[in-house]
Every structure is written in C-alpha cells, then in structure tokens.
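For the working numbering, count along the sequence shown from 1 and bump the result up by 2.
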Amino acid sequence: MVSAEKGVKLLDFWVSPFGQRCRIALAEKEVEYEYKEEDLSQKSELLLKSNPVHKKIPVLLHDGKPICESLIIIEYIDEAFPAKTHILPSEPYARSQARFWADFIDKKVYDCGSKLLKSNGEAQEEAKREFIGILKTLETELGGKTYFGGDDFGLADIAFAPFTSWFYCFEAFAGLSVEKEIPKLAAWGKRVMERESVAKSLYDPIKIYDFFSLIRKKFVDE
Ligand code: GS8
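What follows is the structure, given as structure tokens:
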C-alpha cells in the first residue's frame with residue numbers, strides 16, 4: 003500500500019465516468035488517496051486553480067502537482083506508483099494498441115452514449131444506430147479475448163468499464179439491450195465488474211438511472 007501521506011488527492015464528481023476511470027486505476031495500483039467531491043455548479047478554487055484550461059474534473063493532485071484528463075491520469079498513476087500490477091503493457095506495440103482503443107472509446111462512447119440518453123424520437127434512433135456501430139466495433143476488437151489487451155486487464159478496459167453501469171439506462175430509455183445486440187461486450191462487462199477495483203468504483207445502475215431521469219426531465223420532452 004502507498005501511504006496517504008504521499009499526498010494523493012482526487013477531485014471528482016460521483017457519476018463521472020472519467021472520474022470513475024481514475025478511481026479504478028488507483029484501486030488497481032492500491033494507492034491510498036483523499037477523495038474530494040466537487041459541486042460542478044460551484045467549482046472549488048482548488049479545481050479552478052488545478053485545471054485552469056478545462057476547469058473539469060477529474061484532477062489528480064500528487065504532492066500538490068495537478069494532472070488533468072482521465073487517460074493521462076491513468077498513465078501517470080501507472081508510472082508514478084510502482085506495484086505488482088501494470089495497467090499498460092511493457093511491449094511498445096501492445097502499448098500502442100491499448101492507447102488506440104482507449105482513445106477510440108474516449109472519442110466515441112461518452113458523446114454518442116449521452117446523446118442516446120438525452121434524446122427521443124428520430125434523434126434517438128439515429129444516435130442508437132451510431133452507438134450500436136461503436137459497440138460492435140469494440141466487440142469485434144475484443145473477439146474471444148478476456149480483456150481488450152488479452153489476458154491482462156488494462157487501459158482500454160478501464161476507459162470503457164464505467165459505461166457498463168449505463169447499460170441499464172440504454173435499455174430503459176432507448177430500448178437498446180447490450181446483452182442481446184452485443185453479447186460478447188455484455189459478457190466482458192460482467193467480467194470486469196467481478197474485479198474489486200471496478201465494483202468499488204462504480205455505482206448501482208439504478209442510481210445512474212435516477213440521475214439520467216433527472217437529466218431527461220431537463221433536456222427531453224416526453
Ligand atoms: C473529460 C472530463 C469531463 O468531461 C477527461 O478527464 O477525460 N476529457 C476529460 N468532466 C466533466 C464531468 S463528467 O461529464 C466536467 O468536469 N464538467 C464540468 C464542466 O464542463 O463545467
């Protein structure tokens with residue numbers, strides 16, 4: 003265990019998939035840290051000072067030094083905290099592939115998944131078609147492997163894992179059953195939830211459903 007005195011702090015917001023990625027990485031590396039929940043409608047001075055460019059969570063503070071952007075934070079955690087487990091593989095080609103898929107997930111999943119949950123009617127149908135395509139691409143990459151990188155849980159798994167707790171919402175709000183349409187990805191989702199690092203970093207899908215119900219009241223005419 004890395005001791006808390008090392009001064010690791012995470013500025014976060016409970017439902018953020020980006021923050022959850024960092025929580026999973028910290029748990030994988032067994033790093034103790036102080037969790038600080040941010041009110042995004044009234045950001046703290048510490049958040050504004052630590053991420054003056056984007057003003058977003060998550061921010062990892064290590065001995066007072068800020069690191070921003072979830073995928074960069076994960077790589078930092080992997081490099082800065084020695085442990086038995088490595089999030090990125092050591093072989094350069096395998097590292098490049100882990101980064102490629104984490105980047106694909108980063109560019110595609112949040113935006114299209116949010117669109118799907120914040121729309122109705124034709125706009126939602128269009129988002130659904132696009133989203134199924136994105137998930138099928140991921141399923142093809144996964145193939146018969148246990149994790150995206152093969153036998154070891156890694157960067158792309160951490161990048162996507164938080165979205166497994168959105169699967170229930172996809173079905174409830176958009177009639178998309180990941181289990182039926184993209185079964186291998188659904189099975190991967192169950193597998194990653196068996197890891198303690200993932201299970202303790204995510205919230206019950208019903209809590210996520212309640213959160214998106216409020217969001218939909220604001221954004222969607224039903
Ligand atoms: C995204 C962080 C983000 O969107 C990352 O860390 O990977 N690319 C970044 N953070 C959101 C909360 S999650 O929806 C945020 O902090 N929003 C506050 C704002 O936009 O004012």
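We put the beta carbon where it would ideally sit given N, CA and C, even for glycine.
Note that the coordinates shown come from a computational prediction; the quantities given were computed from them, not determined experimentally.
Requested in this report: Could you tell me the distance, in whole angstroms, from the CA atom of D206 to the CA atom of A176?
Outcome: Spanning the two alpha carbons is a distance of roughly 19 angstroms.
Query raised in the report: Can you name, in chain order, every residue of its own chain whose Cβ lies under 7 angstroms from the Cβ of K202, other than the five neighbours on each side?
Result: A29
Query raised in the report: Among L49, S43 and A85, which residue has its Cα nearest to the Cα of E71?
Result: L49
Query raised in the report: Counting Cβ pairs closer than 8 angstroms, one from the segment 36-45 and one from the segment 89-108, do we hit at least three?
Result: no
Requested in this report: Indicate, with yes or no, if the ligand GS8 has a heavy atom lying under 7 angstroms from the CB of P84.
Outcome: For the ligand GS8, not one heavy atom lies less than 7 angstroms from the Cβ of P84.
Requested in this report: Please find out if some non-hydrogen atom of the ligand GS8 comes closer than 7 angstroms to the beta-carbon of I225.
Outcome: What the structure shows of the chain is the stretch from 3 to 224, and residue 225 is not part of that stretch, so it cannot be assessed.
Query raised in the report: Skipping 5 residues on each side, what residues in its chain have a beta carbon closer than 8 angstroms to that of G21?
Result: Answer for G21: L12, D14, F15, I59, P60 and S72, listed in chain order.
Query raised in the report: When you compare each of W103, P68 and A85 to L144 by their alpha carbons, which one comes out closest?
Result: For L144, the nearest C-alpha among the options comes from W103.
Query - Cα-Cα separation, I208 to A174 - result: The straight-line gap from Cα to Cα measures roughly 10 angstroms.
Requested in this report: Excluding the 5 residues preceding and the 5 following Y78 in the sequence, name in chain order all residues of the same chain whose CB lies nearer than 8 angstroms to its CB.
Outcome: L62, H64 and I69
Query raised in the report: Quick one: Cα of G152 to Cα of A158, how far?
Result: 11 angstroms
Query raised in the report: Using the beta-carbon count (16 or more within 10 Å), is G191 buried or exposed?
Result: buried
Report task. Check the C-beta distance from A27 over to I76 and give it rounded, since I have them as a contact under 8 angstroms. Result -> Between I76 and A27 the Cβ distance is about 4 angstroms, and since that is below 8 angstroms, they are a contact.
Query raised in the report: Over what stretch of residues does the beta strand (DSSP E) that includes I69 continue unbroken?
Result: K67 to C70
Requested in this report: Give the straight-line distance between the Cα atoms of A100 and V55, rounded to the nearest whole angstrom.
Outcome: 26 angstroms
Report task. Give the secondary structure of K51 by DSSP, where H, G and I count as helix, E and B as strand, and everything else as coil. Result -> helix
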